[in-house]
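Working notes, beginning with the structure itself.
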Amino acid sequence: MSSAALASRHSAAAQAARAAWWFGVALAVVAALVWSGSNIQRVPPDSQAAVMRFGKLVRVQRAGLLLAWPRPFETVTLLPGPARVLEQVIATLVRDPRARALDPTAAAPPADTTLPFNDMSSWGFHPDAATGAGSTPFSDALAGSGYVLTGDAAVVQLGATLYYRVSSPIDYVLQRPLLSAALDRITAAAVAEAGAARDLDAILVARPELIAADAQMAARRERLREDVARGVERRLRALDAAHAGLGVEVARVDVQANVPAAAVDAFNSVLSSLQTAERNTADARTAAETARQAAQQRADQIIQEAEASATERVTTAQAETQTILQLESALHSDSDRGLLARAYRDRITQILSKAGHVTTIDPYDTSSLVLPGKAP
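To convert, note that position 346 of the sequence shown is 427 in the numbering used here; the numbers rise steadily by one, no gaps.
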């Protein structure tokens, strides 16, 4: 091979090497540019960014363009904005699906009707269903999941949903892996405390007959959510004071109260009995009122008849004594001396007219008079 050919081949190889080197340099420059701008990003309006330099939080930036050193010098974590409300359903207060599937139904009769308290399935005791082996009993924690004990030793289901906002980005970033579990336990404790501090009727309308007896029950039911929210806030402040804050604040808490499914029919039966009793009481009161009105009408009628009879007798007596009253007045005043004789003649005529036989005797005759009598 000639020297010219060798020179040409070396020149082509050198050019290819230079081209490959410049291409690698260009790729490195582009990669360096991309890497240097990897943490330049836009923060959404409802979010904020926490910038950490070698694991230490150096600043928090709100919505807008964020300029930060590339990894691993600085790490950018997007967080919810302070005005954004986050939602978390409290899983601790949700009835476990295994327990809910094994809950007794009110329509199902007990295994032994002669010994109702020996039917342990009605108390949440299912050894066979829990493990399938029949040797391990249904655990108390699983049987009581989702239930809250009230102050009057009743049981109620209280579901809760927590709505919160990020108040401290630093604490939020540090506690973010444990935030969900911590809020779940804190809210569940606040719900249990609020439930134990009040009776069943101060949580839900379980016994309507007590509503009229205690007008404060409705107000206490309305304050249930506020009491739960205050309980969560108190526990969050206690964590802040112990330098273990979660970096969140409570927006509100929604609480849903329900009677356990196995007790619904019992409450319905009691309510039906109360309604029947109220209806019977209303019917009895109606009958009593009808009898009272009838008696009142009869009493009014008797009084009216008595008053009319008394008025009539008084009028008759006044008419019969009118002549005597006039005679007495005339005698006292000596205004009509012949009135007594006229009255005597008028009356004696009426009396004698009713007699069958009349014998007159001279009052001044001293002779004796013998009248025939009835033979003995």
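All residues carry an ideal CB built from backbone N, CA and C; glycine is no exception.
Within 8 Å, strictly: CB atoms of residue i and residue j
i	j	result
R246	V175	no
A180	V157	no
A271	G312	yes
V170	T242	yes
D238	P341	Sequence check: residue 238 is Gln here, not Asp. Yes. Within cutoff.
I284	A338	yes
P125	A144	yes
V254	L138	yes
T441	A424	no
G67	S249	Any question about residue 67 goes unanswered here, given that the chain covers just 82 to 457.
R333	Y244	yes
Span of the beta strand (DSSP E), counted from its first residue to its last, around residue i
i	result
S128	128–134
Y445	Element bounds for Y445: n/a, residue is neither H nor E.
L167	167–170
Residues that DSSP places opposite residue i in a beta bridge
i	result
A241	V336
Y228	Q238
V157	V132
L138	M133
R428	Partner(s): none; R428 has no beta bridge.
E330	R246
C-alpha gap between residue i and residue j, whole angstroms
i	j	result
S434	R428	10 Å
Q94	G105	Note that residue 94 is Ala in the sequence shown, not Gln. Distance between the alpha carbons of A94 and G105: 16 Å.
R134	I251	13 Å
A389	Q378	16 Å
T173	D265	7 Å
T268	L108	54 Å
P208	D177	Since pLDDT at P208 reaches only 44, below the 50 mark, its modelled position is unreliable, and no value is offered.
S220	R257	32 Å
L305	L317	19 Å
T217	A182	The pLDDT assigned to T217 is 45, lower than 50, so where the model puts this residue is not dependable; a value taken from the coordinates is nonetheless given after this. Rounded to the nearest angstrom, the two C-alpha atoms are 18 Å apart.
R301	N361	32 Å
V141	R165	16 Å
V229	A363	37 Å
T231	E168	26 Å
L406	D381	35 Å
Q122	V132	12 Å
Q431	A372	53 Å
A365	E303	36 Å
S410	T397	20 Å
Q399	T392	10 Å
A273	R279	10 Å
Exposed unless 16 or more other CB atoms sit within 10 angstroms - verdict on residue i
i	result
Y445	exposed
R394	exposed
G227	buried
D308	buried
G33	Lying outside 82 to 457, the shown extent of the chain, residue 33 is not represented and no answer is given.
V111	exposed
A214	With a pLDDT of 42 at A214, under the threshold of 50, the predicted position of this residue should be treated as unreliable, though the coordinate-derived value follows. The residue in question, A214, is exposed, as its Cβ has fewer than 16 Cβ neighbours within 10 Å.
V336	buried
L259	exposed
A310	buried
L159	exposed
V439	exposed
A224	buried
L355	exposed
D127	exposed
D282	buried
Element boundaries [alpha helix (DSSP H), containing residue i]
i	result
R257	250–277
S312	What sits at residue 312 in the sequence shown is Gly, not Ser. Element bounds for G312: 305–322.
R179	178–183
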